[in-house]
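Trainee: Heads up, the sequence shown is in numbering that gives the first Met the number 0, so the first residue is 0 and it goes up one at a time.
Using N, Cα and C, we set each Cβ at its ideal position, and we do this for glycine too.
Computed from a predicted model, the values in this text were never measured in an experiment.
Once you've had a glance at the structure underneath, I'll fire off some questions.
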Amino acid sequence: MSWIDPDFPKTATPSDVIGRVLGLNPGMMTGPGTNTYLVGRRDPILIDTGIGVPDYVPLLDRYLGERGWKAPSRVVLTHRHKDHLGGVKDLRTRFPGLPVAKRIHRDEELPDDVDDIQDGDVIEGDGVTLVAVYTPGHASDHLCYYMPEEKALFTGDVVLSGSTSVIPAGDGDLLDYMNSLKRLQGLDVRRIYSAHGPVIEDGPGRIAEYIAHRLQRERQILEAVGDGIETIPAMVKKIYAEVPEKLHMMAAQSVESHLKKLAREGRVRETVVPDKPSLWNPMSLG
Ligand SMILES: [Zn+2]
């Protein structure tokens, strides 16, 4: 199955208390589009809102009708990226007064009247509870939501099905990200409902895979640095030799996030060179 699967169902009901409505924004970064989840027996809580595609609200409306529901009771967001928060405006036009909340942290622009959710906050729905789990790394404001009733974890963009998570330069942080994955490993999880792609049946297996993948990448990068390969473009060429060149920009971002993590841990050193790529060298321990 390809990452951008045109046959990915637009709506689904993966459990009695979980419904899924697709944000209708397929693409390289979003796969089949952003998943939005309706959680609860009635008056469901809506997790994320898509990017604001005009057809999304009518699709949501149709699904609500199929379930015998009228409206979401509230919106909780995983993080501020546009493909999660962009639908808020249209939703509030359709459902005036709809409460919206997220972890407010380093936000530059938010819609009006967004409430703050802190790590550990419990959001009560009808027959379900969502526990906010602060998981920075992909974005500094990122929350996952844990639903103990089904040991279900809504991971937003921290764990995806069919792709690795991007650690954007600037707001992303791989060291935080790895710590977030370890934190998720400490929860008693069955299924993962991610923001992109199908349900992940073996949640713990997927988290372990993610950690292993990053550690393997880190080893490759440390090896390259140890071999005297000093710049990111040169490292990408070596490590991503099998990957098509058009993806090398994204690969470079990934390598950079690893190098920054290693620098924060005191294992490599960056030398900035004007108008040229930085040089990266190993730091001898001790
Ligand atoms: Zn994101």
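Tell me whether M0 is buried or exposed, calling it buried when 16 or more other Cβ atoms sit within 10 Å of its Cβ.
Mentor: Interpretation of M0 is limited by its pLDDT of 49, a score under 50 that renders its predicted location unreliable; no figure is taken from the coordinates.
Trainee: With distances taken Cα to Cα, identify the nearest neighbour of G22 among D42, T270, L258, L90.
Mentor: Answer by Cα proximity: L90.
Trainee: For M146 versus V165, is the C-beta spacing smaller than 8 Å?
Mentor: No, the pair does not count as a contact, with Cβ atoms beyond the cut-off.
Trainee: What three-state label does DSSP hand L45 in the structure shown?
Mentor: strand
Trainee: Go ahead and pull the three-state DSSP assignment for A240.
Mentor: coil
Trainee: Check whether the stretch 33 to 42 touches the stretch 55 to 74, counting contact only when three or more Cβ pairs, one atom from each stretch, lie closer than 8 Å.
Mentor: yes
Trainee: By the 10 Å Cβ neighbour count, where 16 or more other Cβ atoms means buried, how is P5 classified, buried or exposed?
Mentor: By the 10 Å Cβ count, P5 comes out exposed.
Trainee: Is the beta carbon of L173 less than 8 Å from the beta carbon of K260?
Mentor: Yes, these two residues count as a Cβ contact at 8 Å.
Trainee: Comparing C-alpha positions only, which one of K88, K275, Q184, D118 sits nearest to A211?
Mentor: Q184
Trainee: Between V132 and chain D, is any beta-carbon pair separated by less than 8 Å?
Mentor: Here there is only one protein chain, and chain D is not present.
Trainee: Is the distance from the Cβ of P135 to the Cβ of S160 below 8 Å?
Mentor: no
Trainee: Just to confirm the assignment, what range does the beta strand (DSSP E) spanning T92 have?
Mentor: Looking at the DSSP string, T92 is not in any beta strand (DSSP E); the run it does join, the alpha helix (DSSP H), is 87 to 93.
Trainee: Just to confirm, are W68 and R41 a CB contact at a threshold of 8 Å?
Mentor: yes
Trainee: Express the C-alpha separation of V74 and E208 in angstroms, rounding to a whole number.
Mentor: It is roughly 30 Å from the alpha-carbon of E208 to the alpha-carbon of V74.
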